[in-house]
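Asks: First the structure, then my questions, so here it is.
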Amino acid sequence: MDDRKFSVLKAIIETFIQQGGPVGSQYLLEEYEFPVSPATIRNDMMSLEEEGLIFQPHTSAGRIPTEQGLRIFVDSMIGDNIISVPKEYLNKLAKVKKLAEKIESQKVEQAIYTSVSILAKMTSDVSFSTLPWLGETYYLGLANALRKPEFADTARFSSVVEVLEDQDNFLELLKKLKLSRDVTVLIGKENILEAIQGCSLLATQYRIDDTYQGSIG
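In the numbering used here, the protein residues as written are 1 to 217.
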């Protein structure tokens, strides 16, 4: 994919994340000031749609990213070839990993709870950490989710809450993911639990005395 088309895809995804709705070519031209004609942007969007990276939810709408488009965007953030990705997204990945390291260094349950609290505030997302040896999960930031346009759909929000509250199944899910000390990013149907396939999950493991103890994300 050439740089301009990637920039168009990135702009669509950024806008979709912020606004939660379809993105039109005119909005992209006005907000991102692409130095090309409206016809060129429309052609790029048509090409991205043909490649399965964006789609038009209904005839009168703009475009929204597909799971494949989101995956390409995320891979560009955490791979070797990062192409002008906003620091906001890279920072979220770094914060998840940094707080996992904080848990490892302090080795106390209070550090885990504190880390979840800090992560929820820094990312403005729902954050969690597991304590498998107690069969428990800490999670904070539900109010953050309620402020996001994608959770205007109360059924989606309820599904996330139900997954977090079903601690046994959630712990089993994270075990099946076989997380490493790098941050794992799962988009849509990559999530094992069907109930949260409308969301993305960022998670990593933390260790104490070099032994796997739990997950944070």
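Beta carbons are placed, not taken as given, at the ideal position from N, Cα and C, and that holds for glycine.
None of the values given here were measured: they were computed from a predicted structure.
What do you get for Val-163, buried or exposed, if any count of 16 or more other CB atoms within 10 angstroms of its CB means buried?
Replies: Counting Cβ neighbours within 10 Å, Val-163 comes out buried, since at least 16 surround it.
Asks: Tell me the start and end of each unbroken beta strand (DSSP E) in the region 120-201 that is at least 3 residues and wholly inside, in chain order.
Replies: Counting only runs of 3 or more, we get 127-131, 136-140, 184-187.
Asks: Assign Glu-14 to one of two classes, buried (16 or more other C-beta atoms within 10 Å of its C-beta) or exposed (fewer than that).
Replies: So Glu-14 ends up on the buried side.
Asks: If Thr-130 sits next to Gly-214, beta carbons under 8 Å apart, how far is it from one beta carbon to the other, in whole angstroms?
Replies: Confirmed, Cβ separation roughly 4 Å.
Asks: Can you list, in chain order, the residues of its chain with a C-beta nearer than 7 Å to that of Thr-66? Leave out the 5 residues immediately preceding and following it.
Replies: Only Gly-52, Leu-53, Ile-54, Phe-55 meet the Cβ criterion.
Asks: Hey, is Phe-157 close to the ligand FAD, as in C-beta under 8 Å from one of its heavy atoms?
Replies: This structure lacks the ligand FAD; in fact it carries no ligand of any kind.
Asks: How about Leu-174 and Ala-145: are their beta carbons less than 9 Å apart?
Replies: Not in contact: Leu-174 and Ala-145 (Cβ atoms no closer than 9 Å).
Asks: Could you work out which residue in Phe-170, Tyr-139, Pro-35 is closest to Tyr-113 when comparing CA atoms only?
Replies: Closest by alpha carbon: Tyr-139.
Asks: Please return the same chain residues whose Cβ sits closer than 6 Å to the Cβ of Ser-200, not counting the five positions on each side in sequence.
Replies: Excluding residues within five positions, the ones whose Cβ falls inside 6 Å are Ile-187.
Asks: Distance, Cα to Cα, Gly-217 vs Tyr-206?
Replies: About 10 Å.
Asks: Among the residues of its own chain, which have a CB less than 8 Å from the CB of Asp-168, if the five just before and after it don't count?
Replies: Closer than 8 Å at the Cβ level, and outside the excluded window around Asp-168, lie Gly-135.
Asks: Is Gln-205 helix, strand or coil when you go by DSSP?
Replies: If DSSP states are grouped into helix, strand and coil, Gln-205 belongs with the strands.
Asks: On the premise that Pro-132 lies in contact with Gln-19, defined as a C-beta separation below 8 Å, what is that separation, rounded to the nearest angstrom?
Replies: So it is not a contact: roughly 38 Å between Cβ atoms.
Asks: Starting from Leu-53, trace the alpha helix (DSSP H) both ways and give me its first and last residue.
Replies: Per DSSP, Leu-53 belongs to no alpha helix (DSSP H) and is neither H nor E.
Asks: Can you tell me which of the three DSSP states Pro-38 falls into?
Replies: In the structure shown, Pro-38 sits in a helix (DSSP, three-state: H, G or I).
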